[in-house]
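Asks: For the sequence shown, our numbering begins at 2 and goes up steadily by one. Just so it is clear, CB atoms sit at the ideal spot from N, CA and C, and this is done for glycine as well.
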Amino acid sequence: AQVKELQERLAKSEAETESLRQEVWTSANRGQEAETAATAKLSAELRQYRVAYQQKSMDLRDLQQEVETERAINRIAIKAMETSLSAKTEDLRMCNDTIEMLEQEKDELHVMLQ
């Protein structure tokens with residue numbers, strides 16, 4: 002009777018052990034699945050961030066190109082303005098010289114008339 006009782010307890014213990022093994026295996030699989038899902042989600046987010054970063058980088062390069070183009074245009078415009086200002090300054094000098102000559106002639110004519 003004692004042997005039979007021990008056999009029953011052993012069988013019950015083995016059944017519980019098998020049940021616990023199944024639970025551990027199922028839990029481990031769920032953990033693995035959750036980890037795989039989390040990894041896939043993080044990988045997808047990382048891809049999205051990479052794409053966004055690449056787009057922002059391209060946008061930044063485009064803006065830098067626009068700035069460089071604007072700077073080149075401004076340099077050309079400044080050169081043109083400087084050239085124009087230089088020419089106008091020269092014209093103004095010539096006008097002043099002419100005015101001075103005319104004033105001298107006027108003074109000379111004034112003296113002659115007296």
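(1) Roughly how many angstroms lie between the CA atoms of GLN65 and ASN30, to the nearest whole one?
(2) Taking DSSP as the reference, what is the three-state secondary structure of ALA35?
(3) Helix, strand or coil for ALA119? Go by DSSP, reduced to three states.
(4) With H, G and I counted as helix, E and B as strand and the rest as coil, what does DSSP make of GLN115?
Replies: Here's the rundown:
(1) 51 angstroms
(2) helix
(3) As displayed, the chain neither begins before 2 nor continues past 115, which places residue 119 out of reach and without an answer.
(4) coil
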